[in-house]
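**Student:**
In this note's numbering, the protein residues as written are 36 to 286.
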């Protein structure tokens, strides 16, 4: 019995010694931590590199650190970021280049071709030396008559190269001789007055049957009309009115 009691006492003593040693060791470690871990170094160490790490981590520093008393604050120069794309994506102030939309190249609109003005035909429709041809057109009064020829004594309509006309009861003796080369086209209708001898005494433009009011074409037509002669008619009126049409065409 005494041996068992002695063993129990020895075990209790060892247990208490272990507990006391554990408490003492922890107390010493706690005191060392309070002394060395919570003591603020003076002067404070520079933290520039720590600031750069915090900024690149997305502003996790919680605010700007207080500057060291007596030491000038150096402005942190931003260095090119070498972090992964995931870290750059979480950075608020990181300069992220956004792709610019590609503008389609507009196709040039084809310019409409400007029509070139027709070149003046050096040889107009007029053939001054041509003889009038036959015509079966009705006269102004509505009666059909055979066309007259130069030198003939026929009556009614007459027609030549570039001109045509109507004169009741008269035949065309000589047609117009036009040498002018007009640079414009159109149809000029003239009212003509012929005396008993067959000469054209005066003319005036018939605007209803004309397609142009060009003074150039009118003067050429007037000059040609005054050159015409018709068959004489002694029993006719002093002045007989007829129609003479000049056609100017350009090719």
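Quick reminder that beta carbons are idealized off the backbone N, C-alpha and C, glycines included.
Strictly by DSSP, which residues pair up with residue 226?
**Tutor:** DSSP lists 239 and 278 as partners of residue 226.
**Student:** Go to residue 199, then tell me how far its alpha helix (DSSP H) extends in each direction, as first and last residue.
**Tutor:** Where residue 199 is concerned, there is no enclosing alpha helix (DSSP H), although the beta strand (DSSP E) it sits in stretches over 198-202.
**Student:** Check for me: the beta strand (DSSP E) holding residue 192 runs from which residue to which?
**Tutor:** Taken as a continuous stretch (DSSP letters only), the beta strand (DSSP E) holding residue 192 covers 191-195.
**Student:** If I'm right that residue 260 touches residue 279 with Cβ under 8 angstroms, what's the distance once you round it to whole angstroms?
**Tutor:** The pair is a contact, with the Cβ atoms about 5 angstroms apart (cut-off 8 angstroms).
**Student:** Among the residues of its own chain, which have a CB less than 7 angstroms from the CB of residue 237, if the five just before and after it don't count?
**Tutor:** 228.
**Student:** So residue 195 and residue 210 are in contact, right, with Cβ under 8 angstroms, and what is the actual spacing, rounded?
**Tutor:** With 8 angstroms as the limit, residue 195 and residue 210 qualify as a contact, their Cβ atoms being about 5 angstroms apart.
**Student:** Could you spell out the range, first to last residue, of the alpha helix (DSSP H) harbouring residue 207?
**Tutor:** Segment 207-209 is the beta strand (DSSP E) holding residue 207; no alpha helix (DSSP H) there.
**Student:** For residue 65, count the other beta carbons within 10 Å of its own beta carbon; 16 or more makes it buried, fewer makes it exposed. Which is it?
**Tutor:** Its Cβ having fewer than 16 others within 10 Å, residue 65 is exposed.
**Student:** Thinking just about the alpha-carbon of each residue, which of 212, 58, 52 and 217 is nearest to the one in residue 264?
**Tutor:** For the residues 212, 58, 52 and 217, the minimum Cα distance to residue 264 belongs to 212.
**Student:** Taking the alpha carbon of residue 240 as the point to measure from, which residue in 208, 54 and 223 has its own alpha carbon closest?
**Tutor:** The option with the nearest alpha carbon to residue 240 is 223.
**Student:** Could you tell me the boundaries of the alpha helix (DSSP H) in which residue 253 lies?
**Tutor:** Unbroken alpha helix (DSSP H) run through residue 253: 250-262.
**Student:** Tell me which residues share the same chain as residue 226 and place their Cβ nearer than 7 angstroms to its Cβ, disregarding the 5 neighbours each side in the sequence.
**Tutor:** Same-chain partners within the cutoff: 238, 239, 241, 276 and 278.
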